[in-house]
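Down below is the structure, laid out as structure tokens.
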Amino acid sequence: MKFLSLFAIVISVSSVATAQHKPDTVFFENFNGKTLNRAVWNVEVTGHTVNNEQQAYVDSASVLSQRDGLLSIKPIYHPGYISDMKKQYDFLSGRINTRGKFEFTYGTVSARIKMTGGAGLWPAFWALGEGKWPDCGEIDMMETVGDSSWVSHALHGPGYFGNTPLAFRAFFPKGITVDQWHIYKVQWSANSIIFSVDDKVTYTVTRAMVEHYGRWAYDNPKFIILNFALGGGYPEGVNKVTAPYYGMPQSTVNKIKQGQAQMLVDWVLVTK
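Numbering (my numbering), first residue to last: 268 to 539.
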């Protein structure tokens, strides 16, 4: 937690201490171990790629590591990598989930995260149900596609997916960026899903709003996902870049080559 202000450090320590002792806590991960806790987290390995993303997910300390109580997902440039499905990639990255190990229905899920900005960088914190997508329901607590001034929230389900109408860009106050530490949170109940950034409500979706488009897909258990994608459909839809990689310009490629792209996660908390 170097370079944080004293105020930010106090807030972080207070938040962690509170989470550890809250009686309604059902899941808390502070990444204090030397390696990822495999009893809680699965590491995904690319089988096939979606959304025209440019990375292969691998199980390697080169992209997934823990140090000083922080999880780091750090994509790397690795031209010519061949996946098990014989597809070639020029980038490697990390994606972890709690599927089959921790899943929950309703409650509050939050994480303290810091990310690098850059067009086409696509880190995310989200939750997904079991079964066929989008029928299973997806909650995107936080996504960013490189514009440091905002993050997005979204819901995907039957009748409202892809370029979903249930999405919102949450802009930071002037002088604040995605590159700094923030707490991203969702309060999920049977009748609404409320998104917030740093305890300020940014977007509220009610059951009635969802059912205007399709079935409410949020009464089933969800598992947590943390990942760092590169390029792809969502970034390209924002930045309109198609070369040298789809959704990712050369400036971002250079940032990855220089080891400057990273997603840091301090902790993840779920309460009843």
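We treat Cβ as the ideally placed atom computed from N, Cα and C, and that holds for glycine. Keep in mind that this is a model prediction, so the values were computed, not measured.
Own chain, CB closer than 8 Å to residue i, minus 5 neighbours either side, in chain order
i      : result
Ser459 : Thr471, Val472, Thr473 and Arg474
Val468 : Ile461 and Phe462
Pro511 : Gln517 and Val520
Cβ shell of residue i (< 6 Å), same chain only, five flanking positions each side left out
i      : result
Thr383 : Ala528 and Gln529
Asn487 : Gly396
Val310 : Asp326 and Ile363
Lys522 : Gly385 and Ala528
Thr431 : Ala421 and His423
Lys381 : Trp448 and Leu531
Ser350 : Thr313 and Ala323
Same chain only: Cβ atoms within 7 Å of residue i, ignoring 5 sequence neighbours per side
i      : result
Lys539 : Asp291, Val293 and Gly374
Ser377 : Ile450, Tyr451, Lys452 and Leu536
Tyr513 : Asn319, Gln321, Gly498, Gly499 and Glu503
His315 : Met352
Gln454 : Thr375 and Ile461
Ser549 : Beyond the ends of the chain as shown, which are 268 and 539, falls residue 549; an answer cannot be given.
Residues bridged to residue i (per DSSP)
i      : result
Ser327 : DSSP lists no partner for Ser327.
Lys467 : Val464
Arg379 : Ile450 and Trp534
Ser360 : Tyr324
Span of the alpha helix (DSSP H) around residue i
i      : result
Gly500 : Gly500 to Asn506
Arg522 : Before going on, a small fix: residue 522 reads as Lys here, not Arg. Run containing Lys522: Gln517 to Lys524, per the alpha helix (DSSP H) assignment.
Arg474 : Arg474 to Glu478
Nearest-angstrom Cα separation, counted from residue j out to residue i
i      : j      : result
Val307 : Val477 : 31 Å
Val317 : Tyr501 : 11 Å
Ser339 : Lys301 : 12 Å
Ile343 : Tyr356 : 11 Å
Ser360 : Val330 : 5 Å
Glu541 : Pro346 : Residue numbering for the chain in the displayed model covers 268 to 539; residue 541 lies beyond these limits and cannot be assessed.
Val505 : His420 : 15 Å
Trp389 : Gln525 : 17 Å
Val508 : Ala496 : 16 Å
Ile443 : Arg305 : 34 Å
Leu433 : Gly426 : 11 Å
Ile276 : Val445 : Since pLDDT at Ile276 reaches only 40, below the 50 mark, its modelled position is unreliable, and the value read off the structure follows with that caveat. Cα to Cα, Ile276 sits roughly 18 Å from Val445.
Tyr348 : Gly387 : 20 Å
Arg366 : Phe439 : 31 Å
Thr372 : Tyr324 : 27 Å
Asn299 : Arg334 : 7 Å
Beta strand (DSSP E) segment containing residue i, residue limits
i      : result
Gly421 : In the sequence under discussion, the amino acid at residue 421 is Ala, which differs from the Gly named in the question. Residues Trp417 to His423.
Gln454 : His449 to Trp455
Glu405 : Glu405 to Glu410
Ser339 : Leu337 to Ile340
Note to self: Taking 8 Å as the cut-off, does the stretch 394-408 touch the stretch 480-499 (at least 3 CB pairs, one atom from each stretch)?
What the structure shows: Two segments are said to touch when three or more pairs of C-beta atoms, one from each, lie closer than 8 Å; by this definition the stretch 480-499 touches the stretch 394-408.
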